[in-house]
Amino acid sequence: MTRTPVEELDALVIGAGVTGLYQLYCLLQIGLDARIYEAGDAIGGTWYWNRYPGARLDSESWSYAYSFSEELLRDWNWTESFVGQPELERYLNHVADRFELRPQIRLGARVRSAIFDEATNRWQVETEDGRRASTRFLIAATGLLSAHHLPDIPGIESFQGESFHTSRWPHDPVNFTGKRVGVIGTGSTGVQIIPEVAKECAHLTVFQRTPNYCSPLGNSPITPEQMDEIKATYPEVFATCRQNVGGFIHDPDPRSTFDVTAEEREAFYEDVWGQPGFAKWFGNFSDLMTNREANEIYCEFVRRKIRERVNDPEVADKLCPKNHHYGAKRIPLETRYYETYNRDNVLLVDVGEDPIERITPTGLKTGSASYELDVLIYATGFDAATGEVTRMDIRGVGGRPIQEHWADGATMYMGLGTAGFPNLFFENGALFCNFTRCAEASAEFVSGCIDYMREHGFERIEADPEAEERWVEHAESLTVNRLTSDVTNWADGTNIPGKPKGAIFYSAGFNAYLKVCEEVAAKGYEGFRLE
Ligand code: N01
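For the sequence shown, the tail end lands on 731 under our numbering, and the numbers increase by one without skipping.
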């Protein structure tokens with residue numbers, strides 16, 4: 201490893217995904233000398249790493265687009281309502297080229313350490329490939345779901361076939377022809393990859409621990425005429441997203457589940473069920489996520505839908521969730537997922553009932569059976585939000601490591617900063633959101649803040665510990681009336697053994713969060729200490 205000369209920067213962004221690219225654009229717009237250090241060999245973040253068969257959007261493509269450039273909106277044509285990974289990767293590369301971001305992006309530069317120097321109020325950064333930078337501001341645009349999680353199953357290293365985590369998928373297509381394949385995990389990723397692999401392989405065994413309320417995606421191609429119509433309504437699309445709790449283009453029905461008769465309710469459920477995307481979640485009755493009884497009525501509707509699509513009643517029963525509410529775990533959107541279990545070459549194994557004991561050199565062993573496999577796919581998720589941050593050696597005031605600071609659970613003010621780590625901003629998904637909408641909001645807030653600091657001669661910003669505590673208490677209080685479950689969930693850290701449980705998201709929603717950003721900025725970045 202050759203160590204390069206130190207790059208002297210105003211701002212360094214970690215990650216060239218949806219957030220990082222726009223963050224760089226904003227920083228360059230205000231005249232900063234800014235760079236991105238990106239671990240991957242190409243840009244795209246999530247849409248670079250997650251190239252498994254079936255990977256695609258579940259926000260409507262046009263609502264996921266960057267909104268900041270009218271020219272970009274005018275020139276880019278989406279081909280499907282929910283486009284796949286290749287088109288998203290092309291889009292992000294187009295954005296990087298169009299706005300001339302590439303010269304400021306260093307690829308293959310995985311940040312190993314970032315040490316805050318109190319004498320200069322600057323971060324000293326080193327990458328694994330020997331690159332070095334000194335920067336006033338450090339922005340971890342490391343994504344919500346980027347630190348991939350491989351479960352600690354005994355024997356995992358012993359498997360002699362091919363094995364892949366879905367988020368580290370090879371660039372060359374994997375050939376499944378004639379092979380016995382196993383997939384562990386039935387979250388949003390598993391649900392996307394399973395139907396694709398089943399079509400190609402000799403035999404597929406799905407190891408499911410917790411079934412989900414998978415709901416139809418409703419994808420369709422976009423004709424040139426439809427694309428013209430979408431372009432004409434972009435301002436309305438983004439205005440709707442700004443008003444929505446998740447930044448999506450679906451609004452809840454203001455009625456409660458119990459404001460209507462049973463027949464009207466059924467007709468309403470059928471209607472939202474038939475609509476594309478998250479309409480069946482975010483466009484549902486307003487009490488879906490707060491009233492247990494209301495939620496259970498909808499759960500039963502969804503279970504019925506599952507049973508209608510799966511031929512074998514025993515298999516259908518295994519696929520029906522019974523231990524959590526609709527929406528308590530993130531809803532996977534699917535295309536012919538349930539029909540996959542009607543194929544002769546697909547077997548569903550309930551590892552909730554019959555847990556995985558070990559991976560063997562030739563397959564997988566549960567308590568009661570052994571499965572011979574040529575390929576093993578881990579669709580086992582991510583150490584969400586903070587995982588990528590705590591995998592780096594980040595040390596704040598007094599040399600305190602971030603891992604020690606967050607030993608009892610991660611806390612942040614506005615999801616953006618934490619006391620003791622000055623001039624460091626996190627952009628890891630402060631709320632559950634149509635991702636680009638939130639990415640734009642946080643990037644604009646951070647660049648606005650840095651601009652304000654320059655104008656007023658401030659060199660150092662840090663979350664006020666009391667403001668941070670108040671924010672965390674407030675964020676937790678918002679979850680009190682929401683339906684949660686005791687099942688594992690990446691959104692509260694419980695999918696990672698040993699990770700302290702805590703709500704990641706600000707559940708007042710995107711519209712409320714935008715208001716907070718505006719108010720905090722208008723009050724000279726209230727809740728942050730500026731020096
Ligand atoms: O990960 P997950 P994901 N033994 O954590 C199972 C986004 N996304 O990659 O539920 C057996 O949801 C685990 O079982 P359980 C989206 O936000 C978006 O699927 O813990 N099983 C679960 O079934 C999504 O929510 C898109 O009991 C084990 C699965 O692995 C988020 O990414 C597409 C196990 C992990 O599910 C994460 O989704 C894809 C073990 N030891 C993803 N360990 C879009 O459409 C884990 N599991 C945009």
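Don't be surprised by glycine CBs; every beta carbon is placed ideally from N, CA and C.
{"query": "Validate contact between the segment 320 to 339 and the segment 267 to 277 using beta carbons, cut 8 angstroms, 3 pairs", "result": "no"}
{"query": "L639 classed as buried or exposed, judged by whether at least 16 other C-beta atoms fall within 10 angstroms", "result": "Position check: residue 639 holds Ala in this sequence, whereas Leu was assumed. Answer is buried; the Cβ neighbour count reaches 16."}
{"query": "Closer than 8 angstroms: T688 CB and nearest the ligand N01 heavy atom", "result": "yes"}
{"query": "Simplified DSSP state of W606, which is helix, strand or coil", "result": "coil"}
{"query": "Proximity of A402 and I594 at Cβ, strictly below 9 angstroms", "result": "no"}
{"query": "Endpoints, alpha helix (DSSP H) assigned at L257", "result": "From DSSP, L257 is part of no alpha helix (DSSP H); its letter is neither H nor E."}
{"query": "V325 vs L228 beta-carbon contact at 9 angstroms", "result": "no"}
{"query": "Proximity winner among Q285, N681, C717, relative to A630 (alpha-carbon distances)", "result": "C717"}
{"query": "E466 burial status per 10 Å Cβ neighbour count (16 or more: buried)", "result": "exposed"}
{"query": "Coil, strand or helix - I394 by DSSP", "result": "helix"}
{"query": "Three-state secondary structure assigned by DSSP to V383", "result": "strand"}
{"query": "Buried versus exposed, by CB contacts within 10 Å (16 or more), E289", "result": "buried"}
{"query": "Contacts around L488, its chain only, beta-carbon distance under 8 angstroms, and the 5 residues preceding and following it disregarded", "result": "P452, T457, W481, A494, N495, Y498, Y526, G527"}
{"query": "Opening and closing residue of the beta strand (DSSP E) in which R336 lies", "result": "332 to 340"}
{"query": "D593 - DSSP class collapsed to helix/strand/coil", "result": "strand"}
{"query": "Local conformation of L272 per DSSP, three classes", "result": "helix"}
{"query": "Collapsed DSSP secondary structure at A314 in the structure displayed", "result": "strand"}
{"query": "K480 CB to nearest heavy atom of the ligand N01 below 8 angstroms", "result": "no"}
{"query": "Beta-carbon spacing of A309, T327 below 9 angstroms", "result": "yes"}
{"query": "Per DSSP, the bridge partner or partners of P421", "result": "E280"}
{"query": "Closest Cα partner of I506 within the set C520, D512, E514", "result": "C520"}
{"query": "Terminal residues of the beta strand (DSSP E) in which V206 lies", "result": "206 to 214"}
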